[in-house]
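Participant: Supplied in structure tokens, the structure appears directly below.
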Amino acid sequence: MINNIITTFPPFKTVSVVLSDTSTIKNLEDYLSVIFPSGNYLLSHFSGRPIYPEETLISLLNHSQYSNGKDFCMFRYVPRILGGKGGFGSQLRAAGGRMSSRKKRGEEENKLSCRDLNGRRIRKIKEEEELAKYIETASVQKREILAKRKRRLQAIIDAKPLSQRIKFDDNKYLEKNEMMIDDVKNTVKLVMEKSEYNSKITSMNGFNITDNPSNINKEQNTNSIYSKVLSLSTSKTSKRVNKWDEEFISSDDSEELEIK
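In terms of our numbering, the sequence shown opens at residue 571 and continues consecutively.
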């Protein structure tokens with residue numbers, strides 16, 4: 571008979587099982603499946619070395635790598651854990667690349683403050699090299715800018731004059747425009763006269779027109795007359811403006827056709 575000590579996972583305790591010498595690992599797994607709840611478990615040697623279901627306990631005990639000179643076998647019984655999708659290695663490599671590039675950039679910045687054998691800063695030497703490159707290319711850039719300006723001016727000079735001068739000679743539109751301005755002026759004049767009339771009535775004899783019912787009726791009549799005049803003037807003005815706009819648009823279309 572061989573004593574087998576199995577370490578388990580919390581909340582279970584270590585289990586000690588005594589089996590015959592000819593018992594296999596499969597028999598030990600069947601025994602443990604009765605004790606523990608149903609699930610997917612892994613039975614392995616305590617040292618982590620792999621074992622197989624067909625192996626017997628006596629063969630494990632005879633192997634020095636499993637028994638270590640002891641008269642009992644030690645196993646570990648733990649539940650299996652599903653693995654992830656992977657990709658952690660690529661993340662580590664990317665992070666390592668970023669760290670190495672940051673380190674190299676920091677080393678370059680630290681080296682810029684160093685001096686060469688002549689005592690000059692390396693930063694100053696690099697700035698002088700960049701300035702020399704800019705001076706070499708600056709003349710070429712200036713020549714290109716001057717050439718572009720010259721081409722633009724030459725295009726303006728070579729432009730062909732217009733074959734037909736466009737002259738605005740629509741006298742009807744000008745007359746209608748003046749009429750529309752006069753209508754607006756008359757409307758504004760009526761509004762101003764009404765406001766002056768109301769102010770004179772309110773200030774007359776030092777009392778409010780609302781104190782006398784007859785004055786109230788006069789004021790209401792005046793307001794009604796004024797509103798009618800204003801509505802008529804605004805309606806006429808809007809009709810004239812709409813009509814003039816239509817005629818002006820049609821005249822513009824005809825002029826465009828003639829020019830073409």
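Every residue gets a Cβ at the ideal spot worked out from N, C-alpha and C, and that includes glycine. Owing to the predicted nature of the structure, the values given are computational and were not obtained by experimental measurement.
#1: Given that a residue counts as buried once 16 or more other Cβ atoms are within 10 Å of its Cβ, and exposed if not, what is L598?
#2: What whole-angstrom Cβ distance do Y601 and V588 have, given they're in contact under 8 Å?
#3: Note down, in chain order, each residue of its chain lying with its Cβ closer than 7 Å to the Cβ of T578, except the 5 sequence neighbours on either side.
#4: Answer with buried or exposed for N688, where buried requires no fewer than 16 other C-beta atoms within 10 angstroms of its C-beta.
#5: Going straight from the alpha carbon of E763 to that of I751, what length do you get?
#6: Does DSSP classify Y622 as helix, strand or coil?
#7: Let me know the secondary structure DSSP gives I594 once reduced to three states.
#8: Below 8 Å on the Cβ atoms is my contact criterion, and I expect I628 with T592 to pass it. Report the Cβ-Cβ distance as a whole number of Å.
#9: Give the secondary structure of F658 by DSSP, where H, G and I count as helix, E and B as strand, and everything else as coil.
#10: Closest to R619 by C-alpha separation, out of L630, F658, G609, would be which residue?
#11: Pull up the CB-CB distance for I572 and M644, whole angstroms please, since I reckon it's below 8 Å.
#12: Name the DSSP beta bridge partners of S573, please?
#13: Put I670 into one of helix, strand or coil per three-state DSSP.
Facilitator: Quick answer:
#1: buried
#2: That belief does not hold up - the Cβ atoms of Y601 and V588 are roughly 10 Å apart, past 8 Å.
#3: T584, V585, Y647
#4: exposed
#5: 18 Å
#6: coil
#7: Note that residue 594 corresponds to Thr in the displayed sequence, not to Ile. T594 falls in the strand class under three-state DSSP.
#8: 7 Å
#9: helix
#10: L630
#11: Not quite, the Cβ-Cβ distance comes to about 11 Å (not below 8 Å), so this is no contact.
#12: Correcting the residue type first, residue 573 is Asn in the shown sequence and not Ser. DSSP, once it has assigned bridges, lists V588, F642 as partnering N573.
#13: The sequence as given places Ser at residue 670; Ile does not occur at that position. If DSSP states are grouped into helix, strand and coil, S670 belongs with the helices.
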